[in-house]
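All residue numbers for the sequence shown refer to UniProt numbering, where the first residue is 1 and numbers rise by one.
Glycine is no exception: its CB is placed at the ideal position from the N, C-alpha and C atoms.
In this text, all values refer to a predicted model and were calculated from it rather than measured experimentally.
Here is the structure we will look at.
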Amino acid sequence: MAGTGVLEEYLSVGANRQTAVADWSSNGLLAYGADVNIALWRPTGNPPRGVEKILSGHAEAVKAVLFLSEEAQDDATYIVSGSDDKTLRIWKSLRDRGDFEAIQTSDQHTAPINCLSAVRVSSPGQSAEWILATGGADAVVKIWSFGNDQLQLLQSIRTKPKFFPLALALSLLDQDVLVLAAAGTRETVQILTADRPPSAVEFRLQATLHGHEGWVRSLGLTKESDVEGSDLLLASASQDKYIRIWRLHKGKELPILAAKQPDALNGAYLPGKSPSNKAHRLQAGGKDFSVTFEALLLGHEDWIYSAKWHTHANGKKLQLLSTSADNSLSIWEADATSGIWVSMTRLGEISREKGATTATGSTGGFWTGLWSPDGSSVACLGRTGSWRRWEHDVSADTWKPCVAVTGHTKAVTGISWSKRGDYLLSTSSDQTSRLHTRWIASSAGTWHEMSRPQIHGYDLNCIDSLGDSQFASGADEKLMRVFSEPKSIATLLKRLAGVGNENMQDMPDAANMPVLGLSNKAIDTVGDDDELRPVDDRDRDAVDPASIVKKSYLEIDHPPLEETLSRHTLWPETEKLYGHGYELSCLTASHDGKLIASACKASSTNHAVIRLFETEKWTEIRPPLVAHSLTATRLRFSADDSYLLSVGRDRQWAVFEKNANEAAMYKLLQSNPKGHSRMILDAAWAPLSPERRLFVTAGRDKQIRVWASEASGENGTLQFRQAASLPCSGPITSVDFLSTLVGGKLVMAAGSEAGGVTICVVSADGSKIKELQASSRLKLSKAVLQLAWRPCPSAAQPESFTLAVAGEDSSLRVFAISEAYLEGASFD
Numbered sequence: 001m002a003g004t005g006v007l008e009e010y011l012s013v014g015a016n017r018q019t020a021v022a023d024w025s026s027n028g029l030l031a032y033g034a035d036v037n038i039a040l041w042r043p044t045g046n047p048p049r050g051v052e053k054i055l056s057g058h059a060e061a062v063k064a065v066l067f068l069s070e071e072a073q074d075d076a077t078y079i080v081s082g083s084d085d086k087t088l089r090i091w092k093s094l095r096d097r098g099d100f101e102a103i104q105t106s107d108q109h110t111a112p113i114n115c116l117s118a119v120r121v122s123s124p125g126q127s128a129e130w131i132l133a134t135g136g137a138d139a140v141v142k143i144w145s146f147g148n149d150q151l152q153l154l155q156s157i158r159t160k161p162k163f164f165p166l167a168l169a170l171s172l173l174d175q176d177v178l179v180l181a182a183a184g185t186r187e188t189v190q191i192l193t194a195d196r197p198p199s200a201v202e203f204r205l206q207a208t209l210h211g212h213e214g215w216v217r218s219l220g221l222t223k224e225s226d227v228e229g230s231d232l233l234l235a236s237a238s239q240d241k242y243i244r245i246w247r248l249h250k251g252k253e254l255p256i257l258a259a260k261q262p263d264a265l266n267g268a269y270l271p272g273k274s275p276s277n278k279a280h281r282l283q284a285g286g287k288d289f290s291v292t293f294e295a296l297l298l299g300h301e302d303w304i305y306s307a308k309w310h311t312h313a314n315g316k317k318l319q320l321l322s323t324s325a326d327n328s329l330s331i332w333e334a335d336a337t338s339g340i341w342v343s344m345t346r347l348g349e350i351s352r353e354k355g356a357t358t359a360t361g362s363t364g365g366f367w368t369g370l371w372s373p374d375g376s377s378v379a380c381l382g383r384t385g386s387w388r389r390w391e392h393d394v395s396a397d398t399w400k401p402c403v404a405v406t407g408h409t410k411a412v413t414g415i416s417w418s419k420r421g422d423y424l425l426s427t428s429s430d431q432t433s434r435l436h437t438r439w440i441a442s443s444a445g446t447w448h449e450m451s452r453p454q455i456h457g458y459d460l461n462c463i464d465s466l467g468d469s470q471f472a473s474g475a476d477e478k479l480m481r482v483f484s485e486p487k488s489i490a491t492l493l494k495r496l497a498g499v500g501n502e503n504m505q506d507m508p509d510a511a512n513m514p515v516l517g518l519s520n521k522a523i524d525t526v527g528d529d530d531e532l533r534p535v536d537d538r539d540r541d542a543v544d545p546a547s548i549v550k551k552s553y554l555e556i557d558h559p560p561l562e563e564t565l566s567r568h569t570l571w572p573e574t575e576k577l578y579g580h581g582y583e584l585s586c587l588t589a590s591h592d593g594k595l596i597a598s599a600c601k602a603s604s605t606n607h608a609v610i611r612l613f614e615t616e617k618w619t620e621i622r623p624p625l626v627a628h629s630l631t632a633t634r635l636r637f638s639a640d641d642s643y644l645l646s647v648g649r650d651r652q653w654a655v656f657e658k659n660a661n662e663a664a665m666y667k668l669l670q671s672n673p674k675g676h677s678r679m680i681l682d683a684a685w686a687p688l689s690p691e692r693r694l695f696v697t698a699g700r701d702k703q704i705r706v707w708a709s710e711a712s713g714e715n716g717t718l719q720f721r722q723a724a725s726l727p728c729s730g731p732i733t734s735v736d737f738l739s740t741l742v743g744g745k746l747v748m749a750a751g752s753e754a755g756g757v758t759i760c761v762v763s764a765d766g767s768k769i770k771e772l773q774a775s776s777r778l779k780l781s782k783a784v785l786q787l788a789w790r791p792c793p794s795a796a797q798p799e800s801f802t803l804a805v806a807g808e809d810s811s812l813r814v815f816a817i818s819e820a821y822l823e824g825a826s827f828d
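Here you go:
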């Protein structure tokens with residue numbers, strides 16, 4: 001905990017669904033675009049750690065990420081990224097430091113950047129220099145040079161006939177000539193050439209390759225072998241479900257295959273789709289070249305999103321990795337005797353379990369595929385924004401699935417710790433709720449997603465734990481849903497995380513979601529050999545193979561893989577709570593788990609009410625609580641559940657007191673219609689004794705206000721008055737108190753609309769409040785939507801405290817904050 005006293009324990013964020021969104025470097029680091037950020041992950045790390053670092057800088061979604069090729073003598077690693085914000089950024093990390101920082105930014109494109117490619121043009125022993133190509137939605141391909149940390153625009157090429165480039169591939173055709181392949185929203189691939197530096201780099205269109213019948217999504221160029229003067233092979237992957245391989249050959253003579261065998265595929269193509277073998281002649285650098293059609297790869301059943309080459313270390317074996325919307329990836333290789341390209345390995349999901357029509361885990365295909373530097377592992381990205389990875393077991397000659405990275409793909413709207421702090425629940429606008437906890441079996445105690453309790457049809461807005469095995473969530477619908485932990489997940493958490501209930505007898509086995517349904521139903525798990533059939537032949541609820549949960553799926557010694565998370569870790573829905581007229585805006589559960597308070601989006605007093613539900617019989621307690629005239633933005637019970645605090649868009653806060661005579665009944669104690677000068681976005685109770693109660697409110701007026709209780713009136717009724725305030729640099733969107741005092745002071749975290757997280761200390765009487773020195777780690781790219789301190793055990797005080805942060809940038813972050821960092825503050 002040296003330094004700032006703030007450590008990133010867990011970073012979770014899903015990838016953007018784009019073909020060019022990720023790259024795997026030669027030093028083992030994988031970078032991918034995650035909302036407006038770039039996430040860095042070391043896939044082959046042991047134990048699997050997940051995301052190591054998140055780079056912030058872009059203002060909109062990152063669509064293209066590329067590592068610049070490295071050599072052993074290089075002292076720096078470079079990442080190039082392109083974004084919807086129309087900018088191109090270069091990031092640099094010195095080998096001995098490991099931290100990336102943006103060193104160059106260009107806004108030459110006038111529309112989002114879709115694709116990138118680069119080739120190293122410096123000779124061995126010289127300082128590194130690259131030629132870059134970028135393609136944008138402005139129908140322009142731009143050529144750049146990059147060396148000595150300087151980026152320079154060399155050429156802008158308008159695509160004619162006009163198309164939007166989705167894929168680029170740049171390479172050296174020989175030692176003097178550069179070749180660029182460009183394709184996108186047309187069925188053709190364009191081949192351009194230019195002289196290599198130090199000559200002036202100016203690309204000219206040399207050939208247009210025909211044959212595809214759909215948009216071309218990916219291009220890849222590679223040398224056929226490591227022999228001097230070897231031909232280049234170009235792979236083009238298209239939405240027409242086929243991959244075409246083209247040969248770029250030096251010399252006036254055509255390659256033997258094209259010249260002597262017009263039916264090079266021996267009939268391995270569809271009737272009526274016989275590939276054209278027209279030879280395209282090129283002249284560049286005073287030399288002759290030709291481009292000929294080499295092979296048509298058949299096998300995928302849907303759009304093909306990516307095609308990536310890999311030459312294995314011996315330089316003899318060349319393989320192509322393709323990923324498709326049919327939920328599979330294939331590894332292709334040319335047969336040694338016939339030269340015909342065949343699929344050697346197929347990974348992913350069998351077609352009957354695509355999940356295209358089911359709510360659970362409709363994966364929707366693989367968007368990009370990557371090779372590890374040594375070719376022993378492959379990774380691919382699916383529609384859920386999560387990664388899948390396989391490693392090649394040489395002894396068994398099989399590919400084994402491995403633990404990879406998962407994360408939300410849209411704003412994380414709510415987080416909640418279980419009552420004992422065993423695990424963290426998160427919910428998001430990506431319509432999922434997820435459970436995260438520490439994997440104790442790994443030597444590093446790494447964090448992972450262990451369950452996906454809810455996969456919904458509406459954007460989810462709020463979540464809270466009702467106990468250690470139950471939670472409630474609210475979405476863009478008029479009801480709340482309550483979920484209970486199934487036995488399969490309780491057993492999994494006990495085994496992998498060492499947490500959970502001992503009493504599992506009354507728990508259902510597992511859950512699934514019926515086709516066209518939104519409610520998770522409890523089901524029994526089945527053995528691997530059990531036959532699956534409907535109870536009745538006339539049963540309209542036909543058995544969907546993708547929704548069956550077999551015992552073996554969760555009898556695992558590692559965190560669940562994405563295919564398991566997206567299908568087999570649902571929690572059964574036990575209750576629906578009705579009453580609201582509009583979409584749920586916030587909910588909270590009492591600390592004893594006996595009450596749920598909720599509010600919905602509202603523009604009038606009639607709908608801005610707070611509804612209370614008791615959790616024994618799941619009935620609403622009437623009448624609802626009335627205080628606000630607009631949407632209530634946050635509800636919080638005090639630590640002993642004696643008071644309920646609400647804040648809203650109408651700029652007021654209200655405190656409701658528990659009625660001593662009637663159980664579970666609350667009445668309005670005090671409201672302040674001018675609590676802030678603009679809407680209040682969050683509030684939190686301090687963990688104080690009943691003699692002195694404190695809460696804070698924060699909002700759009702850039703103020704955090706501390707309100708302290710004092711007795712007033714003849715009967716000594718409790719009233720709250722402002723005791724202190726803290727002006728901030730921008731609107732404050734979230735606040736939360738640590739549940740214990742540190743050094744006799746209260747500790748509070750505040751999150752801003754600009755993405756900053758500030759740790760503050762508050763005096764025990766509420767009269768003083770002070771910000772601690774900010775940590776650069778506590779910074780998000782977009783607004784902080786919620787903060788939650790992990791509940792502290794009542795016994796010994798830990799050396800560090802855990803803070804969870806939910807971001808609008810799709811990230812969920814868990815920080816360990818040292819006691820020394822918090823104790824160092826004073827009010828002097």
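- Rounded to the nearest whole angstrom, the C-alpha separation of Ser145 and Arg567 is 47 angstroms.
- Contact between Arg634 and Ala708 is ruled out by a C-beta separation of about 19 angstroms, above the 8 angstroms threshold.
- Where Lys494 is concerned, the enclosing alpha helix (DSSP H) starts and stops at Lys487 to Ala497.
- For Leu772, the closest alpha carbon among the candidates Asp459, Leu726, Ala183 and Leu780 is that of Leu726.
- Spatial neighbours of Met504 in its own chain (CB-CB distance under 8 angstroms, excluding positions within 5 residues in sequence) are listed in chain order as Lys487, Ala490 and Thr491.
- By the 16-neighbour rule on beta-carbons within 10 angstroms, Ser83 is buried.
- A Cβ-Cβ distance of about 7 angstroms is found for the pair Ala15 and Gly33, placing them in contact under the 8 angstroms criterion.
- Rounded to whole angstroms, the Cβ separation of Asp138 and Ala111 is 4 angstroms, and the two are in contact under 8 angstroms.
- The C-alpha of Thr733 is placed about 9 angstroms away from the C-alpha of Gly755.
- With a cutoff of 8 angstroms on beta-carbon distance, Gly211 and Arg244 are scored as near each other.
- By the Cβ criterion, the segment 215-230 is not in contact with the segment 281-298, since fewer than three pairs of Cβ atoms, one from each stretch, lie closer than 8 angstroms.
- Between Leu595 and Leu669, the C-beta spacing is not below 8 angstroms.
- Straight-line measurement puts the Cα of Val62 at about 24 angstroms from the Cα of Ser433.
- Using a Cβ distance threshold of 8 angstroms, Ser117 and Ala169 count as a contacting pair.
- In this model, Lys92 and Ala711 are separated by some 60 angstroms (Cα to Cα).
- Tyr643 is classed as buried because its beta carbon has at least 16 other beta carbons within 10 Å across all chains shown.
- Secondary structure at Tyr458: coil, using DSSP grouped into helix, strand and coil.
- As DSSP reads the structure, Glu391 sits in a beta bridge with Ser377 and Lys400.
- Straight-line spacing of the CA atoms in Asn37 and Gly807 works out to 12 angstroms.
- Each residue's CA atom was taken as its position, placing Lys521 and Asn327 some 26 angstroms apart.
- When the alpha-carbon of Trp371 is set against those of Tyr10, Gly500, Leu166 and Asp23, the nearest one is in Asp23.
- Looking at the DSSP output, Cys600 shares a beta bridge with Leu584.
- Cys115 has Gly135 as its beta-bridge partners, per DSSP.
- Between Leu625 and Tyr666, the CB-CB gap stays under 8 angstroms.
- When Ser451, Val655 and Arg89 are compared, the shortest CA-CA separation from Glu562 is found for Ser451.
- For Thr105, the pairing in a beta bridge is given by DSSP as Arg89.
- For Thr409, the number of other beta carbons within 10 angstroms of its own is at least 16, and it is reported as buried.
- Rounded to the nearest whole angstrom, the C-alpha separation of Thr413 and Thr105 is 31 angstroms.
- Judged by DSSP in its simplified three-state form, Ser426 adopts strand.
- Going by C-alpha positions, Ser671 is about 11 angstroms away from Glu657.
- DSSP, read as helix, strand or coil, puts Ser826 in coil.
- Cβ neighbours of Gly214 within its own chain (closer than 7 angstroms, five residues either side excluded): Glu187, Ser238, Gln239 and Asp240.
- Of Ala76, Ser171 and Val80, the smallest CA-CA separation from Arg120 is found for Ser171.
- Under DSSP, the beta-bridge partners assigned to Val412 are Ser428.
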